[in-house]
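Following: one structure in structure tokens, then a few remarks.
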DNA sequence: CTGTTTCAATACGCAGGCGTATGGAAGCCA
DNA sequence: TGGCTTCCATACGCCTGCGTATTGAAACAG
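Residue numbers (our numbering), protein chains in the order written: chain P, 455 to 654; chain H, 455 to 654.
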């Protein structure tokens, strides 16, 4: 066999998606400002020349990465948990799922890091709005008033955002909580009113 | 009195503290990376020449700002609230005070933004450790087990960190909560076990 | 009035990152 | 074989920010 017809090109060419994926990882780890063309090219083993063939400029890459994330998002939360009937269960499942999706949590925290950046603001705002609205609905479905539902949803969301910010900034601080599910259970117990009175 | 003896110089010279204060404000608003010598000099109406007379380099300014913040910190929380006898009240007062000190909350959130920076990490870590430890003690004083106290303290701290992160990143999201004290009260109610059963 | 100290302006060199321009090599197509 | 397309390298100019060196000017001290 005259060599199994290697890859089309002797050395595989980079696709646009390769760049986006690399950028996404970089954002999750070091934030937007770390997405620099030249270092990124270096890491991918090519030069700027390649980048500027695939993209018009740096902004285009950043937007592509954020866009990809947002797509995943909408495909995720809202659609998956709206199906659960019992609102109490829905809330708990939602909470657990949110905290367990560490990948997503890290990316979200990274966006918070770059929240000043006008490019990320719209994405951050939309994600927050969508999640918060979903939480409010869930709490209202439990019979809570608008005000109460808002407060609780915000509390839950702040606890979520704060958790992943801490995970990012001072992961040592979380070592105390080896049992994440216990932590989340406590959050759920604290926020979701029990059917029957539920002692701590 | 023959003119209140104007300022020593016709145009007031900048002090080292002026630079530190300006840097502190900048950090609170835009994070560490915004503390750049030349733009800062421009904002203060002078040039780099002034800066490098007062400071050895950029790092020295940053450390000075962080140091000043840390000093305020230790002078604050620990000393002021350890005096309150009733642990239940102590916790609530602490929570309210923490959320009401918006200035400090913003600065803390800004540090979270720059959490990758090796210069801020130690400060962030010490602040987190101190506050968390204080919270754990407070909860333990209520008779909770070590594990429970840790979980609740972390929960409270995450809610705190998350709140100010949201305030920073998507302040619009918090407009729903016009009543901050109601929000904090809910947090306190959720986390501090009531003496007698305490309906929402 | 002279010298010293304190604070600041100016000018310079350097590095990193963006974007452009241009050339080139490998595959595909005829 | 020649040409077109795809992907990338190289080289360049630009801007921003750091840090240094040197000069300068106002206050103070004698």
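Beta carbons: idealized from backbone N, C-alpha and C, even for Gly.
- Against chain P, the CB of residue 520 of chain H has no partner CB under 8 Å away; the residue lies outside that interface.
- With a threshold of 16 other beta carbon atoms within 10 Å, residue 496 of chain P falls short and is exposed.
- For residue 558 of chain P, the number of other beta carbons within 10 angstroms of its own is at least 16, and it is reported as buried.
- Counting C-beta atoms within 10 angstroms of its own C-beta, residue 469 of chain P has fewer than 16 neighbours from the protein chains shown and is therefore classed as exposed.
- At a beta-carbon threshold of 9 Å, the residues of chain P lying near residue 579 of chain H are 623, 624, 626, 627, ordered along the chain.
- Cβ neighbours of residue 569 of chain P within its own chain (closer than 8 Å, five residues either side excluded): 575, 578.
- Excluding sequence positions up to five before and after residue 645 of chain H, its CB lies within less than 7 Å of the CB of 606, 609, 610, all in the same chain and listed in chain order.
- Only those residues of the stretch 555-576 of chain H whose C-beta falls short of 7 Å from the nearest C-beta of chain P are listed: 566, 567, 569, 570.
- Under the DSSP assignment, residue 643 of chain P falls in the alpha helix (DSSP H) whose first and last residues are 634-645.
- It is roughly 9 Å from the alpha-carbon of residue 588 of chain P to the alpha-carbon of residue 536 of chain P.
- Under the DSSP assignment, residue 557 of chain H falls in the alpha helix (DSSP H) whose first and last residues are 556-567.
- With respect to the 8 Å criterion, residue 485 of chain P and residue 556 of chain P are not classified as neighbours on the basis of their beta carbons.
- Judged by beta-carbon spacing, residue 613 of chain H lies beyond the 8 Å limit of residue 499 of chain P, meaning their Cβ atoms are not closer than that value.
- Residue 592 of chain P places its beta carbon less than 8 Å from that of residue 548 of chain P.
- Proximity to residue 565 of chain P across P:642, P:545, P:489 peaks at P:489, based on C-alpha coordinates.
- One Cα belongs to residue 635 of chain H, the other to residue 626 of chain P, and the distance between them is close to 30 Å.
- Taking the C-beta atoms as reference points, residue 619 of chain H is found nearer than 8 Å to residue 563 of chain H.
- Among the residues facing chain P, residue 545 of chain H is not included, as its CB has no counterpart in that chain under 8 Å away.
- Scanning its chain for C-beta atoms nearer than 7 Å, with the 5 sequence neighbours on each side dropped, one finds around residue 491 of chain P the residues 502, 505, 512, in chain order.
- Remark: C-beta atoms of residue 482 of chain P and residue 494 of chain P do not approach each other more closely than 8 Å.
- Look at residue 467 of chain H here: in three-state DSSP terms it is coil, with no helix or strand label.
- Look at residue 619 of chain H: its C-beta is under 8 Å from a C-beta on chain P.
- No Cβ of chain H is located within less than 8 Å of the beta carbon of residue 471 of chain P.
- Taking the beta carbon of residue 631 of chain P as reference, the chain H residues within 7 Å of it are 604, 605, 608, listed in sequence order.
- At least 8 Å separates the CB of residue 592 of chain H from every CB of chain P.
- Of the other Cβ atoms in all chains shown, fewer than 16 fall within 10 Å of the Cβ of residue 507 of chain H; this residue is therefore exposed.
- Among the residues facing chain H, residue 499 of chain P is not included, as its CB has no counterpart in that chain under 8 Å away.
- When DSSP states are grouped into helix, strand and coil, residue 508 of chain P belongs to the helix group.
- Here DSSP, grouped into helix, strand and coil, assigns residue 546 of chain H to helix.
- Contact check for residue 474 of chain P and residue 522 of chain P: beta-carbon distance about 6 Å, within the 8 Å limit, so the pair qualifies.
- Within chain H, no residue has its CB atom less than 7 Å from the CB of residue 595 of chain P, the nearest being about 16 Å off.
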